[in-house]
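Residue numbers (our numbering), protein chains in the order written: chain X, 1 to 179; chain B, 1 to 179. Glycine included, C-beta positions come from ideal geometry on N, C-alpha and C. On a predicted model such as this, the values are computed, not experimentally measured, just so you know.
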DNA sequence: GATGCACCTGTCGAACTCGACATGTCAATA
DNA sequence: TATTGACATGTCGAGTTCGACAGGTGCATC
C-alpha cells in the first residue's frame, strides 16, 4: 500500500507524531501526491509499528507519540522507491474535470477553462514566491517535502496554465470557424 | 462519486458499451485522471441506469449494451463540472515516489531522477508525435478525450522532465558543496 | 475561573476499489 | 474442426478510504 510508504518517507526525513503527519498530508503532499486523513494515518502507524518498520521514540504532552523509522522501515522505503513499477494508482478529480470539459458545450467549457487559467496563475505565483523566499542553501526535504514540492507544484501549475490557454485557443478557433 | 461523472462524460461525448468504457479508462483517462476497472464500471452503469442518468440505446452482438446519457444525466454532469469545488481527491503513486526521493540518500535519489528524466522525455515525444499526426481540424474530444488528453499529457511530461532535471542540478550542487 | 482554540488520538460503519474467479460469443487461423 | 484470442458482462470477498462521532489536554485570553 502506498500510504505506508508515504508515512515511512515522511518519518525518514524527520520523526513526527501522527498529528504532524496529518498536517503534512493536508499540505503539499496531499495536494499533489497522496491524500490521507488522520483516520487512516493512526491505524496505519499502529500496523507499521507492529511490523517493526517504525517505533515510538518520544512521548510528549497530550499523549502525543513521536515515531521514527527503523532500519527495516528505511530498507522497505528505499526498495519501494527504487524499484521501477508498472503503472501505479492515479486519481485526480481536478484533472478529471478538465477531461470532462470536452463533453460540454464550448461556451460552458470556456467558462471553466478561464477559471482554470486564473487559478493556475495565482497558485503558480504563490508557489514561486515561496521558492524565492527559501534560502538557496536549504537542503531538499529538510522540513518535509517543502522545497521539492513547491518547485514541482509551481511547474505543474505552469503546465496546466499553458494547457488551458491552448485549449481556449482551440475552442475559440473552432467556434469562429463554425460561425 | 467521481466515477459516475467520468462515465457520464465519456457517454456524453459518444454512446459506448461497458467494454468500450473500460478501454477508455485503460488509456489516457486512466493514466492522468481517473482509473477504473470493469468490475467498478459495470455495477456503476447499472446504478446510473437505475437513477435515469443513462439508458441502453442499443444491444449488439455478444450481449453488448450501448449506453447513452439522458438529459438528466447530462444536467448532472454539467452541474458537476461547472460547480467550483474545494479540494478534490488526489492520488498519484508516481508523484508520491518523486516526493519520497528526498528521504533517500542523494545517490539513490539521483538514480531515480535520471530514470524519470529519461522516461518523461520518451513519453513526451511519443505524445507530441500523436499530436502531430492528428489533423488540426479534429474537434476536441470527438473520439474520447484523445486530443485534449494527449496535449495535456505532453505538457505534463515536459513539466516533470524539467523538474527532474532541476532536482538533479540541486542535488549535484549540494553534493559538490559538501565534498 | 471560564471559555475557546489548537493540539492529539482514537473507533465505527458505509461506501468504494480491485483482484480473482466465472461464463459465454464471434471470427480468424491452423 | 479445433484452438486461440479479442469481445463482452458479471459476482464475490478482502482490503481501503472517509466522514461522523468521541474524548481528553495545555495555553491564552477575557
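| query | Is residue 68 of chain X helix, strand or coil by DSSP? | reply | strand
| Where does the unbroken alpha helix (DSSP H) through residue 180 of chain X begin, and where does it stop? | Residue 180 of chain X lies beyond the stretch modelled for chain X, which goes from 1 to 179, so this question has no answer here.
| query | At which residues does the alpha helix (DSSP H) containing residue 39 of chain B begin and terminate? | reply | 38-51
| request: Report all residues from its chain with a CB closer than 7 Å to the CB of residue 21 of chain B; omit the five preceding and five following residues, and keep chain order. | output: 7, 10 and 41
| said: Using only CA atoms, which one of X:29, X:13 and X:159 lies nearest to residue 87 of chain B? | reply: X:29
| query | At a CB-CB cut-off below 8 Å, which residues of chain X make contact with residue 131 of chain B? | reply | The premise fails here: residue 131 of chain B is roughly 11 Å from chain X at the closest Cβ pair, so nothing lies under 8 Å.
| message | Among the candidates B:50, B:47, B:70 and B:51, whose CA atom is the shortest distance from the CA of residue 57 of chain B? | response | B:70
| message | Quick check on the burial criterion: 16 or more other C-beta atoms within 10 angstroms. Buried or exposed for residue 173 of chain X? | response | exposed
| message | When you compare the CB of residue 5 of chain B with every CB in chain X, is at least one pair closer than 8 Å? | response | yes
| Whole-Å CB distance - residue 82 of chain B paired with residue 34 of chain B, under 8 Å assumed | Rounded, the Cβ-Cβ distance is 18 Å, inconsistent with contact.
| Whose C-beta lies closer than 7 Å to the C-beta of residue 169 of chain B among residues of the same chain, with five residues either side of it excluded? | none
| Where do the N-terminal and C-terminal ends of the beta strand (DSSP E) with residue 57 of chain X fall, by residue? | 54-59
| message | Mapping the DSSP letters down to three states, classify residue 114 of chain B as helix, strand or coil. | response | helix
| request: Hey, could you find the ends of the alpha helix (DSSP H) residue 97 of chain X is sitting in? | output: 93-100
| request: Decide if the segment 113-120 of chain B is in contact with the segment 156-165 of chain B; the criterion is three or more beta carbon pairs, one per stretch, under 8 Å apart. | output: yes
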